[in-house]
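Residue numbers (the numbering used here): 134 to 317.
Okay, here's the thing in structure tokens:
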């Protein structure tokens with residue numbers, strides 16, 4: 134079965150490449166606006182499903198994912214600019230938050246949640262992280278595998294989920310869908 138990754142994320146591509154999974158890339162272009170009254174979990178699940186639907190077809194398997202950072206009920210998506218990145222990093226400073234990634238391999242979809250706690254960040258550290266650009270295209274304005282990882286006190290759950298693709302769950306879904314994996 135031919136696998137199509139419905140994502141422009143270099144991290145998701147790299148994960149699959151390093152595992153030796155054969156796939157092609159067809160980034161999904163959808164409206165990513167959260168609907169009024171939609172919970173964070175409902176939102177991220179809908180995003181993954183809608184992205185997967187853009188590539189669904191005969192003889193192919195679509196893989197789509199969407200990641201959000203959740204502080205209380207506030208969803209932190211990708212920052213609009215450096216000032217928005219600084220705002221998000223100040224919110225995350227010294228607190229535990231949740232990273233939720235929804236993965237969809239139609240007809241299945243699953244959300245994986247991981248708790249992450251940042252150390253308190255000084256204003257200088259916030260400005261430095263935001264100015265680095267390391268979190269520009271990432272939910273919550275940080276890359277746990279990048280510079281921000283130096284300020285993470287604790288991760289409770291899947292590290293690969295925080296990066297943007299929970300591999301254990303994703304590989305299980307791909308195997309069930311009949312995608313050829315290097316060990317199958």
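The beta-carbon is built from N, C-alpha and C at its ideal position, and this holds for glycine as well.
Tell me the rounded alpha-carbon separation between residue i and residue j.
i           : j           : result
residue 155 : residue 135 : 8 Å
residue 187 : residue 206 : 29 Å
residue 162 : residue 200 : 15 Å
residue 271 : residue 212 : 7 Å
residue 306 : residue 227 : 35 Å
residue 191 : residue 279 : 38 Å
residue 165 : residue 222 : 22 Å
residue 248 : residue 224 : 15 Å
residue 303 : residue 185 : 13 Å
residue 159 : residue 297 : 17 Å
residue 284 : residue 315 : 35 Å
residue 157 : residue 253 : 40 Å
residue 260 : residue 250 : 19 Å
residue 255 : residue 281 : 13 Å
residue 267 : residue 170 : 32 Å
residue 202 : residue 244 : 13 Å
residue 317 : residue 149 : 15 Å
Going by Cα to Cα distance, which pick from the options is closest to residue i?
i           : options               : result
residue 220 : 275, 295, 306 and 241 : 275
residue 313 : 142, 152 and 145      : 152
residue 196 : 281, 288, 208 and 178 : 178
residue 241 : 194, 222, 317 and 293 : 194
residue 295 : 243, 226 and 144      : 144
residue 167 : 158, 159, 160 and 180 : 180
residue 139 : 182, 176, 288 and 223 : 182
residue 198 : 176, 285 and 204      : 176
residue 204 : 230, 164 and 185      : 230
residue 300 : 146, 137 and 267      : 146
residue 216 : 142, 150, 267 and 263 : 263
residue 173 : 253, 266, 269 and 232 : 232
residue 273 : 288, 293 and 208      : 208
residue 292 : 267, 169, 266 and 234 : 234
residue 214 : 141, 244, 170 and 265 : 265
Pop quiz: residue i and residue j are said to be a contact at Cβ under 8 Å. What is the actual Cβ separation, rounded to whole angstroms?
i           : j           : result
residue 246 : residue 290 : 7 Å
residue 310 : residue 238 : 5 Å
residue 189 : residue 269 : With a Cβ gap of about 30 Å, residue 189 and residue 269 do not count as contacting.
Does any residue of chain C have a CB that is nearer than 8 Å to the CB of residue i?
i           : result
residue 215 : The structure shown contains no chain C; it is built from a single protein chain.
Please state the DSSP three-state secondary structure of residue i.
i           : result
residue 141 : coil
residue 152 : helix
*Which whole runs of the beta strand (DSSP E) in the segment 230-312 are 3 residues long or more, in chain order?*
Within the segment 230-312, the runs of beta strand (DSSP E) at least 3 residues long that lie entirely inside it are, in chain order, 241-251 and 285-289.
_Secondary structure, alpha helix (DSSP H): runs of 4+ residues fully inside the segment 176-232_ = Scanning the segment 176-232 for uninterrupted alpha helix (DSSP H) segments of 4 residues or longer gives 215-225, listed from N- to C-terminal end.
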